[in-house]
Amino acid sequence: ADGIGPVANGLFSPGREGYLEDNGFDPAQDIEGAQALMDEYLAENPGPVEIKYGTTVSAINAQIAELLADYWSEIGVDIEIVQIPQDQYITKALFGDPDYEMFGWRSHGGTFVDSQYLWWHSSSAQPDGSLSLNFARLRDPVIDENLEAARGEPDAAARDEFAGNVNRQMAAECYNIPVSWTLWGVIRTPEVQNVGIGVLPDGSGFREAGGFFSLGQVYLSE
125 ADGIGPVANG
135 LFSPGREGYL
145 EDNGFDPAQD
155 IEGAQALMDE
165 YLAENPGPVE
175 IKYGTTVSAI
185 NAQIAELLAD
195 YWSEIGVDIE
205 IVQIPQDQYI
215 TKALFGDPDY
225 EMFGWRSHGG
235 TFVDSQYLWW
245 HSSSAQPDGS
255 LSLNFARLRD
265 PVIDENLEAA
275 RGEPDAAARD
285 EFAGNVNRQM
295 AAECYNIPVS
305 WTLWGVIRTP
315 EVQNVGIGVL
325 PDGSGFREAG
335 GFFSLGQVYL
345 SE
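Here it is, written out as C-alpha cells:
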C-alpha cells in the first residue's frame, strides 16, 4: 500500500537464493493482454468463468479480495469471495477443501531454497481429502528436479542457479500470482547485536528468514 510493500515478480525476494531481477514474470497490469487470453480460452470453453477466492476474516483482506475481484471482473471472471476464520484456513488448505480453488496466502520465507521443498515438491502433494503440506498439490518435474539438486549441493553458486531455475518455472507456469514482498523488522535497542544473523559451524553468517530469529547468536555490546 502507498509504495510500502515492494511489488513482487515472484516468491523469491532480493537476498534469497534464486532471486532474479528478471524471471520472466512481468508484474505490470495488462488488461488488454489478459482479455485476449480470456477470449482465447472462452472460444474453446464457452460459458461463464467462475472462481472462488478464499481469504481470512479481516477488514484489510476483504478489501484486497474486493479489489482483485474488480480487476478480474474487467475480463469477465466472476469471483466469489469466501472468508474463512484463521483457525480453519490452514486446515482447509491441508485437506484441499473445495473452498480452495484460489486463495490469498503469505508464506515462503527462508534464505535457502530448500526451505520450500515440502511446500513445492511433488512428494508432498497428496490428493484432495488427504493431508498435504503442498497445499496447491503442485506437481512439476522441473521444480522437483531443481529442488532435489539444490538439496544435495554444497556450493552456494550452484545452489543459487538451481533455485533460479525453480523461480523461472514458477513464473512461466504462473502457479502463484505474486503481489508484494513483506518487509520485516525487529524492534531492539542498539546494544542488542547479531539479530537475524544465523551462524554456521565454520563461523560464517547468513541472513535468517523474516519474521523470526534465533537467540543463540544474539549478544549485548558493552
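All residue numbers in the sequence shown are consecutive under the working numbering, ending with 346.
All C-beta atoms in this analysis are idealised placements derived from N, C-alpha and C, irrespective of residue type, glycine included.
Evaluate the contact criterion for the segment 297-316 versus the segment 158-173: three or more CB pairs, one atom per stretch, below 8 Å. no
Among all the DSSP beta bridges, which residues are the ones paired with Ile321? Arg331
Below 7 Å CB to CB, which residues in the same chain sit around Asn318 once its five sequence neighbours on both sides are set aside? Gln341, Val342, Tyr343
Endpoints, the beta strand (DSSP E) within which Thr179 is located: 173-180
Do you know how far the Cα of Asn270 is from the Cα of Phe286? 5 Å
Alpha carbons only, please: which of Asp326, Val310, Glu346 is nearest the one belonging to Leu339? Val310
Segment contact flag, the segment 323-332 with the segment 292-299, C-beta cutoff 8 Å, min 3 pairs: no
Is the separation between the beta-carbon of Asp194 and that of Val173 shorter than 8 Å? no
From Val181 to Gln207, what does the alpha carbon distance come to, in whole angstroms? 5 Å
Is it buried or exposed, Phe136, if we count other Cβ atoms within 10 angstroms and call 16 or more buried? buried
Would you kindly work out how many angstroms separate the C-alpha atoms of Tyr177 and Glu346, rounded to a whole number? 52 Å
Between which two residues does the beta strand (DSSP E) carrying Val290 extend? Counting along the chain, Val290 falls outside any beta strand (DSSP E), though it belongs to the alpha helix (DSSP H) covering 280-297.
DSSP three-state call for Asn133: helix, strand or coil? coil
Secondary structure of Tyr224, DSSP reduced to three states: coil
Note down, in chain order, each residue of its chain lying with its Cβ closer than 6 Å to the Cβ of Phe330, except the 5 sequence neighbours on either side. Thr235, Gly322
Reference Asp238; option with closest CA among Val266, Glu145, Glu272: Glu272
What did DSSP end up calling Pro138 once you bin it into helix, strand or coil? coil
With DSSP collapsed to three states, give me the class of Tyr143. coil
Using a 10 Å radius around the Cβ and a threshold of 16 neighbouring Cβ atoms, would you call Ala152 buried or exposed? exposed
Taking DSSP as the reference, what is the three-state secondary structure of Asp264? coil
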